[in-house]
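Chemist: Counting in our numbering, the sequence shown runs from 60 upward without gaps.
One structure, as structure tokens, below. Some questions next.
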Amino acid sequence: MADLVTLPPETLGGVIDTVPFSRRFQLIPDVFGRMDSLLGQAGIFFAGPQTALYRVDGDDMEIRIGVPLPKPLPGFQMFDVDAARALHIRHHGAFDTLPRIYQALTAEVEARDLTRTGWAREVYRFMAKDASLNICDVYMDVAQT
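Here it is in structure tokens:
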């Protein structure tokens, strides 16, 4: 069962892109690769958890991947993430099973008579070669109907 939480506003720096929704699984790794490259070029060894935001608009998906930055850095696109109410599930394991989490969140939206309002967010808490150790907090922005 998902928890209903309030997420605070935050400012992140990273990569913003739009990809065809039908090709998202093939293209999302490239966006993450660009983010990793930016971090490496900036000499950043740790910047808090990476956050990925996803929003579908017609046939396209907007992707924003960022980390908390104390100030703008060359190459990073700064973006604000508004405060939001969201359904939350903590996922343990391989990231290729995340679609099941989105199915569960969508079912919760319907069961609780909520409406999706914007972003889906993934906050990567722990990432390892052994995918069974991965931890990702998944959020779906919602409002009461």
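Ideal Cβ placement from N, Cα and C applies to all residues, glycine included.
Remember, predicted model here, so these are calculated numbers, not experimental data.
For a test of your reading of the model: does the CB of Phe80 fall under 7 Å from any non-hydrogen atom of the ligand NAP? Yes or no.
Modeler: Among the components of this structure there are no ligands whatsoever, and the ligand NAP is therefore not found.
Chemist: If you follow the alpha helix (DSSP H) that Ile87 is in, where does it begin and where does it stop?
Modeler: It spans 83 to 100 - the alpha helix (DSSP H) in which Ile87 sits, taken as one unbroken run.
Chemist: Between the Cα of Asp62 and the Cα atoms of Arg83, Gln109, Lys188, Ala163, which residue gives the shortest distance?
Modeler: Selected option, being the one with the closest Cα: Ala163.
Chemist: Nearest-angstrom Cα distance between Leu97 and Arg83?
Modeler: Taking the straight line from one Cα to the other gives about 21 Å.
Chemist: Tell me whether Gly102 is buried or exposed, calling it buried when 16 or more other Cβ atoms sit within 10 Å of its Cβ.
Modeler: Flag for Gly102 reads exposed.
Chemist: Take Met199 as the anchor and find which of Met186, Glu181, Ser191, Phe80 has the nearest alpha-carbon.
Modeler: Considering only alpha carbons, the answer is Glu181.
Chemist: Per DSSP, which residues does Leu63 bridge with? Please list them.
Modeler: DSSP lists Leu146 as partners of Leu63.
Chemist: Considering Cα atoms alone, identify which of Gln203, Pro133, Met137 is closest to Arg123.
Modeler: Answer by Cα proximity: Met137.
Chemist: My understanding is that Val168 touches Leu146, with C-beta atoms under 8 Å, so please give their C-beta distance in whole angstroms.
Modeler: At roughly 7 Å, the Cβ-Cβ gap stays under 8 Å, so Val168 and Leu146 are in contact.
Chemist: Which residues bound the alpha helix (DSSP H) around Thr165?
Modeler: That run of the alpha helix (DSSP H) goes 157 to 170.
Chemist: Could you work out which residue in Glu69, Gln85, Tyr183, Thr65 is closest to Pro129 when comparing CA atoms only?
Modeler: Checked all of Glu69, Gln85, Tyr183, Thr65; the closest Cα to Pro129 is Glu69.
Chemist: In the structure shown, what three-state DSSP assignment does Phe104 receive?
Modeler: Three-state DSSP puts Phe104 in coil, outside helix and strand.
Chemist: Compute the distance between the beta-carbons of Val201 and Leu173, then report whether it is under 8 Å.
Modeler: In contact: Val201 and Leu173 (Cβ atoms closer than 8 Å).
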